[in-house]
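Enquirer:
In the numbering used here, the protein residues as written are 11 to 353.
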């Protein structure tokens, strides 16, 4: 009987230690009697926690106060921030009262969940903001036309041009949102094969030649013809178009832009470099976020949706690559880069 009980307790201990959530038991005096491995790691308690007050072990006043209030029949759940060094984690705690006056607390790290919730709220707010202006223009101009402006040929033409322009902007936003949605859902179809970056770069430069010429810009290619990557050709083309198009849009008139590539061990690194003002250091980490713009007003004026670089990031990562941006050490201009597997 004793052997069976001992074996049962051992099994329960193993189960408790394998649980990913942190589990803590305190007695009626709030002295710790049990912590699983996740809990000792969460609070960095070590092995000498037994018999110590939870105040000393956890060192989180709001959490300790929560346990005291829960003992009085108050709220049995709490969310709080746990700061450990440079990292802040968001923790949800739930407490269960025991018959002997003790408490069992289960703590779960919900940092990622709350971050995703915040991203979803921001995304909805940003989409609403981006759609509001073109919809307002289309609606207002349509009403003006219906109220009689259609009989004035000159005025009506201006109104219709604005309607057409903003309808086009709505189409771009919706198409980008659909692409981004498919990429994030993993349903965007990619067909990877051996691709020569030099050949694709020539096509990209040719497709944007008129736009570059209009701003008196020169696009120089420095890509060895024997470089080969494993990628989806259409996606790779879209990525380079986006990078080069951004450089043409936001670099001062008359600038020079370089598109260069080199092999780095098992990867090929491709860079689009300009001699513009560069990227403000404080926003470098946010450049690939959805709807993030360094200069919102100018970006909308240029026709950007704020989703292009986010789509680039998803496309490259779907091809087992990575993206990034930094400022040039030689001229201070921006350097947008991507790395893809070398064939």
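Note that the Cβ used here is the ideal one computed from N, Cα and C, for glycine as well.
For residue 78, which residues from the same chain have a beta carbon less than 8 Å from its beta carbon, with the 5 sequence-adjacent residues on both sides left out?
Expert: Within the same chain, 40 come within 8 Å of residue 78 by CB-CB distance, once the 5 residues on both sides are set aside.
Enquirer: When the distance is taken between beta carbons, is residue 188 closer than 8 Å to residue 249?
Expert: no
Enquirer: Just grab the DSSP bridge partners of residue 346 for me.
Expert: 282 and 335
Enquirer: Starting from the C-beta of residue 324, find all residues in its chain whose C-beta is less than 6 Å away, skip the five residues before and the five after it, and write them out in chain order.
Expert: 193
Enquirer: Does the beta-carbon of residue 128 have 16 or more other beta-carbons within 10 angstroms, so that it is buried, or is it exposed?
Expert: exposed
Enquirer: With respect to the beta strand (DSSP E) encompassing residue 267, which residues constitute its N-terminal and C-terminal limits?
Expert: In this chain, the beta strand (DSSP E) harbouring residue 267 covers 266-274.
Enquirer: For residue 288 and residue 261, which I take to be in contact (beta-carbon distance under 8 Å), what is that distance rounded to the nearest angstrom?
Expert: Actually they are not in contact, since the Cβ atoms of residue 288 and residue 261 sit about 10 Å apart, beyond 8 Å.
Enquirer: Taking 7 Å as the limit between beta carbons, can you name the residues of its chain near residue 80, skipping five residues before and five after?
Expert: 86, 105 and 113
Enquirer: So, is residue 89 buried or exposed, given that buried needs 16 or more other C-beta atoms within 10 angstroms?
Expert: exposed
Enquirer: Would DSSP call residue 45 helix, strand or coil?
Expert: strand
Enquirer: Excluding the 5 residues preceding and the 5 following residue 235 in the sequence, name in chain order all residues of the same chain whose CB lies nearer than 6 Å to its CB.
Expert: Contacts found: 208.
Enquirer: Using the beta-carbon count (16 or more within 10 Å), is residue 140 buried or exposed?
Expert: Residue 140 counts as buried, since at least 16 other C-beta atoms from the protein chains shown sit within 10 angstroms of its C-beta.
Enquirer: Mapping DSSP to helix, strand and coil, what is residue 69?
Expert: Looking at residue 69 - three-state DSSP - the assignment turns out to be coil, as it is neither helix nor strand.
Enquirer: Might you give, ordered along the chain, the residues of its own chain that have their beta carbon closer than 6 Å to the beta carbon of residue 173, omitting 5 neighbours on each side?
Expert: 148 and 151
Enquirer: Kindly list the residues whose CB is nearer than 6 Å to the CB of residue 318, restricted to its own chain and excluding five residues on each side of it in sequence; keep chain order.
Expert: 252
Enquirer: Tell me which residue opens and which closes the beta strand (DSSP E) that residue 119 is part of.
Expert: Where residue 119 is concerned, the enclosing beta strand (DSSP E) stretches over 113-119.
Enquirer: Considering only DSSP beta bridges, list what residue 35 is partnered with.
Expert: 44 and 114
Enquirer: To the nearest angstrom, report how far apart residue 219 and residue 227 are at their CA atoms.
Expert: Taking the straight line from one Cα to the other gives about 9 Å.
Enquirer: Can you tell me the Cα-Cα spacing of residue 143 and residue 180, whole angstroms?
Expert: 10 Å
Enquirer: Since residue 320 contacts residue 339 with CB under 8 Å, what's their CB separation in whole angstroms?
Expert: Not quite, the Cβ-Cβ distance comes to about 27 Å (not below 8 Å), so this is no contact.
Enquirer: Measuring straight from C-alpha to C-alpha, what distance separates residue 54 and residue 266?
Expert: Between residue 54 and residue 266, the C-alpha separation is close to 54 Å.
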